[in-house]
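One structure below.
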DNA sequence: CGGAATCCTTGACGATACTG
DNA sequence: CAGTATCGTCAAGGATTCCG
């Protein structure tokens, strides 16, 4: 970005920086999931069925780095690692759920808009 | 995702479907920008400096398809196209700003968490 | 001016195998 | 169990060019 960002002020940097994780498909799911309490690595993996263990590790590392979750290792055999939301993570849950509620409430309108849009476009391709 | 999604219920599909655009770096910026009123293609491009015209076109198409913005073409020479938020788009602005406010208010905490995390990790790499 | 089409690079992500 | 490491794929996105 250049200095000519009059419409995109400094705040956008901050916002984008923080909500970058919102864009990450897995991060939100995991934060909401951990909103239900502390969980082990494999439990999260099973709950978020479809995620690879690599992505789960990477995602959890990112969330830990940003201060949203804590990682507790129990030096037992076999190893046991638990993840839990921090205060910051629990606070993030609030605006996240606001957005989630809006999404659920308005999903039909978006779906309708898409259907209408596609209905307008596809016939033209057949001309 | 498989049918075994007991922890990741149907609602997640809906939510993810809608907030997929939140993940898109440009979509949010553009929606917030259009929150300030109707704008022309090039004005948006200049405002969101750093976006390629390809991505701007693709992003605007997506927002139009989802019913967040309207696209008005004036058949003049040279062409003039204006984009404006729909009611749905203006409503989305609300939860989006909630999240944005949270991001701005807590950016420092995230930055601090990152710094602390990196400070713990980097020295170990030097061992 | 607004946008479509093409090419090309990059890195995100999955699959797999190995370790403490 | 909870990772780390390596490799291969594939599609998102930038740069460029042409069109109405």
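Residue numbers (the numbering used here), protein chains in the order written: chain A, 1 to 127; chain B, 128 to 254.
We put the beta carbon where it would ideally sit given N, CA and C, even for glycine.
Query, Result
"Kindly list, in the order they appear in chain A, the residues whose Cβ is closer than 7 Å to that of residue 230/B.", "14, 15, 18 and 19"
"Given a threshold of 16 other Cβ atoms within 10 Å of its Cβ, counted over all protein chains shown, does residue 222/B qualify as buried or as exposed?", "buried"
"What are the start and end residues of each continuous alpha helix (DSSP H) run of 4 or more residues lying completely inside the region 160-224 of chain B, in chain order?", "168-174 and 180-192"
"Closest Cβ-Cβ distance between residue 205/B and chain A: below 8 Å?", "no"
"Between the alpha carbons of residue 98/A and residue 203/B, how many angstroms are there, rounded?", "43 Å"
"Is it true that the CB of residue 192/B sits closer than 8 Å to the CB of residue 117/A?", "yes"
"Between the alpha carbons of residue 111/A and residue 247/B, how many angstroms are there, rounded?", "46 Å"
"Tell me, please, whether the region 148-158 of chain B touches the region 15-32 of chain A by the rule of three or more beta-carbon pairs shorter than 8 Å.", "yes"
"List, in order along the chain, the chain B residues whose C-beta lies closer than 8 Å to that of residue 92/A?", "229 and 233"
"Taking the CB atoms as reference points, tell me whether residue 194/B and residue 213/B lie closer together than 8 Å.", "yes"
"Just mark residue 72/A as buried or exposed, buried being the case when its beta carbon has 16 or more other beta carbons within 10 Å.", "exposed"
"Taking DSSP as the reference, what is the three-state secondary structure of residue 24/A?", "coil"
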